[in-house]
Amino acid sequence: ANAVPKDLPSLKKNIFLFFVFCFALPAYPAEKIQVVSNGDLKGFYRTRIYNNIKYFSLKDISDICSGSVNWYKISGKVVLTINTRHITFYFKSKDVSIDSNKYTLPFPTYMVSSDLYIPLDFFLSIKFTEASGQKVEYDQEQNILSFESSVNVFPPRVYSYDGFTQVNFEMSEKLSYDIQKKAKNDYQVVFFRGKTVSDKLYFQNDHIKNISISNAHNQAICRFKLADDKLEIKPSFLENPLRLTLDIYPPGIKTSTAGAEGVNVEASTIPIAAPQPKQEEPKPQENASVHSMPTKALTIVVDAGHGGDDPGAVGPNNTREKDINLAIAKEVAKLLSQDGYKIILTRQDDTFIPLVDRTQTANNNNADFFVSIHCNASLKRKEQGFEIYFLSENATDPDALAVAARENEVVKYEGKPTTKKEKLQILQWSMVMNEYMNESSELCSYITDDVTSRINTKNRGIKQAGFYVLRGAQMPAVLVECAFLSNPSEEIKLHTRKFQKDMADSIYTGIKKYIFKKNLDR
Ligand SMILES: [Zn+2]
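Pasting the structure below:
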């Protein structure tokens with residue numbers, strides 16, 4: 004125990020408590036700790052000492068920080084969600100991920116009585132503060148653990164809707180703000196007394212591009228560019244959760260908050276929790292069986308689009324998309340596995356794999372990235388160039404919509420979703436995907452940058468559309484359209500070993516840059 008008893012009564016009390024806990028759980032003596040949150044006494048909680056290290060309960064942290072805990076017993080992990088951030092712990096492991104970034108705990112976690120215990124030091128770290136918005140301090144002498152909200156504005160989330168774009172800033176308290184025009188199309192939103200976690204969203208659609216947020220003197224400032232100076236910005240303050248939304252739309256368009264009909268209204272007014280996998284409480288025993296432990300090496304799923312009965316696009320000289328996709332995918336897999344990553348190819352040969360199975364493979368293997376490789380096609384023979392996508396239920400532009408429609412063709416899908424349930428389900432998927440939107444968009448930007456510097460091709464940009472194959476991926480996921488099979492000269496190019504290798508090199512380099520930037524290699 005750390006606290007030295009100062010007087011006899013407290014010594015007696017400590018001895019008494021010591022014996023009580025010794026008989027209850029002989030291996031893990033516990034100590035009471037006083038928890039203070041934003042200056043108010045929250046109550047008494049227990050820490051546990053294990054191998055001389057102080058541990059704190061995940062359930063208690065979740066309670067104190069108003070978070071939620073989800074257990075994934077099969078994959079041996081527990082996800083703590085605070086506001087929109089996910090912190091993933093693994094059973095009896097030092098691994099921890101915050102969103103998609105990986106870190107190492109000073110000591111492994113352990114389980115007692117259907118709760119996971121985490122070394123207290125982790126909660127005192129800057130990493131936890133950045134993720135949770137809570138600054139946690141431990142006063143060893145007084146045995147007080149104090150929590151103070153340090154982040155009150157969370158990085159923006161962007162949602163594309165039909166005809167308009169919505170930017171959401173969740174807040175933990177009401178702040179006054181000011182929207183300022185800095186230059187033609189350049190705007191900033193200043194949150195007074197705002198504190199945030201610096202972040203950047205690589206994003207571009209018809210309305211907005213590249214949004215970043217950072218801290219200035221006692222203010223959080225979000226900067227963004229409008230795609231066009233005729234666009235209008237309509238701010239609204241909403242509750243549950245508390246947030247500022249900016250609807251960005253061309254003049255004359257009704258936006259969700261202005262009361263448009265249909266699914267958009269639901270998006271902005273009904274709080275919908277992202278679907279959580281079934282919660283499974285582990286049995287109250289310490290050696291709960293763990294079926295798969297996280298591996299040290301990053302796992303990357305490389306998906307060669309189409310296959311078997313589904314040829315994908317077919318070129319004017321009968322080149323089948325599925326064959327080119329497989330050649331490039333194998334090349335990417337080879338490059339990545341040379342660096343020691345665990346690579347899973349969704350198909351190794353000309354086999355038909357349903358779209359849903361492809362992301363399922365990635366989820367089941369706790370993959371860190373999902374990259375789907377395709378070739379483009381258009382009715383216009385002259386269309387050419389490279390595009391890269393991340394998921395949104397609403398396409399960036401009509402061309403992007405057409406690309407998604409073509410790639411989704413393999414799935415029997417009759418018309419637009421009609422029932423409310425179907426609409427809700429689609430919304431929920433888009434919310435799941437939004438959890439990894441920033442990461443996916445950033446991965447897109449690294450791959451695109453490398454393609455433009457390595458390959459002489461037209462860069463058609465980073466786009467969003469509703470690809471079924473990306474739906475439900477619980478990791479950053481992107482879809483690459485290497486070039487147009489429908490364009491006779493690009494069809495020839497796609498056949499060449501050089502183009503296939505160059506494209507694979509770019510995808511590989513983009514992933515490597517992302518891994519380096521996020522410090523994911525250990
Ligand atoms: Zn395809």
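Its first residue numbered 4, the sequence shown is counted upward by one per residue in this note's numbering. Quick reminder that beta carbons are idealized off the backbone N, C-alpha and C, glycines included.
Excluding sequence positions up to five away, which residues of its chain have a Cβ less than 7 Å from the Cβ of residue i?
i           : result
serine 340  : Ile346
serine 40   : Ile67 and Phe150
glycine 166 : Tyr252 and Ile256
alanine 223 : Val156, Phe194, Gly197, Lys198, Thr199 and Ile216
lysine 496  : Ala486 and Phe502
serine 534  : There is simply no residue 534 to check, as the chain begins at 4 and stops at 525 in what is shown.
So, under 8 Å CB-CB, residue i and residue j are touching, yes? Tell me the CB distance rounded to an integer number of Å.
i             : j                 : result
threonine 460 : phenylalanine 519 : Going by Cβ atoms, the distance from threonine 460 to phenylalanine 519 rounds to 24 Å, so no, they are not a contact pair.
lysine 130    : valine 156        : The Cβ separation is near 19 Å, so there is no contact.
proline 319   : glutamate 494     : 6 Å
serine 311    : threonine 354     : The sequence as given places glycine at residue 311; serine does not occur at that position. Yes, glycine 311 and threonine 354 are in contact; Cβ-Cβ is about 5 Å, under 8 Å.
tyrosine 439  : proline 479       : 5 Å
Of all Cβ atoms in chain D, is any one closer than 8 Å to the Cβ of residue i?
i              : result
isoleucine 347 : You won't find chain D in this structure, because it holds only one protein chain.
State the Cα-Cα distance for the pair residue i and residue j, rounded to the nearest angstrom.
i              : j                 : result
asparagine 369 : lysine 233        : 44 Å
alanine 186    : glutamate 386     : 34 Å
aspartate 189  : cysteine 225      : 11 Å
isoleucine 391 : aspartate 66      : 41 Å
threonine 248  : proline 238       : 6 Å
leucine 127    : tryptophan 74     : 23 Å
threonine 50   : tyrosine 106      : 23 Å
lysine 35      : phenylalanine 47  : 6 Å
tyrosine 53    : lysine 203        : 40 Å
alanine 507    : glutamate 484     : 12 Å
leucine 241    : lysine 177        : 10 Å
lysine 2       : valine 359        : Nothing about residue 2 can be reported from this structure: the residues present for the chain run from 4 to 525 only.
asparagine 55  : phenylalanine 110 : 11 Å
isoleucine 211 : lysine 228        : 6 Å
glycine 469    : phenylalanine 487 : 20 Å
lysine 383     : lysine 184        : 40 Å
serine 443     : proline 159       : 15 Å
aspartate 231  : leucine 148       : 50 Å
alanine 407    : isoleucine 216    : 31 Å
serine 116     : proline 122       : 17 Å
leucine 498    : threonine 364     : Before going on, a small fix: residue 498 reads as histidine here, not leucine. Approximately 29 Å between the Cα atoms of the pair.
valine 200     : aspartate 118     : 29 Å
alanine 134    : serine 381        : 43 Å
aspartate 63   : glutamine 137     : 14 Å
glycine 475    : aspartate 102     : 16 Å
aspartate 306  : tyrosine 141      : 47 Å
aspartate 524  : phenylalanine 373 : 17 Å
aspartate 43   : glutamine 37      : 11 Å
glycine 513    : threonine 362     : 20 Å
cysteine 447   : alanine 33        : 48 Å
lysine 57      : isoleucine 356    : 48 Å
tyrosine 205   : threonine 322     : 34 Å
valine 304     : serine 489        : 27 Å
Flag residue i as yes when its Cβ comes closer than 7 Å to any non-hydrogen atom of ligand 1, and as no otherwise.
i             : result
cysteine 378  : yes
glycine 311   : no
alanine 307   : no
alanine 330   : no
alanine 316   : yes
glutamate 412 : no
glutamate 334 : no
glutamate 390 : no
glutamate 386 : no
glutamate 140 : no
glutamate 324 : yes
For residue i, collect the residues of the same chain with a Cβ closer than 6 Å to its Cβ; drop the 5 residues on either side in sequence, then sort them by chain order.
i              : result
asparagine 366 : Gln477
asparagine 411 : Tyr471
serine 395     : Ser163 and Gln467
glycine 70     : Leu83, Thr84 and Ile85
lysine 80      : Thr91 and Tyr93
asparagine 171 : Arg160, Arg246 and Thr248
aspartate 181  : Val193
isoleucine 236 : Leu249 and Ile251
To which residues of the same chain is residue i closer than 8 Å at the C-beta, ignoring the five residues directly before and after it?
i             : result
serine 509    : Ile450, Asp453, Val454, Arg457 and Ile458
alanine 300   : Gly343, Tyr344 and Lys345
valine 492    : Before going further, note that residue 492 is serine rather than valine in the sequence given. Within the same chain, serine 492 has close Cβ partners Gln387.
threonine 168 : Val161, Tyr162, Asn208, Asp209, His210, Ile211, Asp250, Ile251 and Tyr252
Looking at C-beta atoms only, is the number of pairs between the segment 304 to 321 and the segment 372 to 382 that lie closer than 8 Å three or more?
-> Judged by Cβ distances under 8 Å, the segment 304 to 321 makes contact with the segment 372 to 382, as three or more pairs qualify.
Do the segment 402 to 409 and the segment 328 to 338 meet, that is, are 3 or more Cβ pairs less than 8 Å apart?
-> Fewer than three Cβ pairs drawn from the segment 402 to 409 and the segment 328 to 338 lie within less than 8 Å of each other, which leaves the two stretches out of contact.
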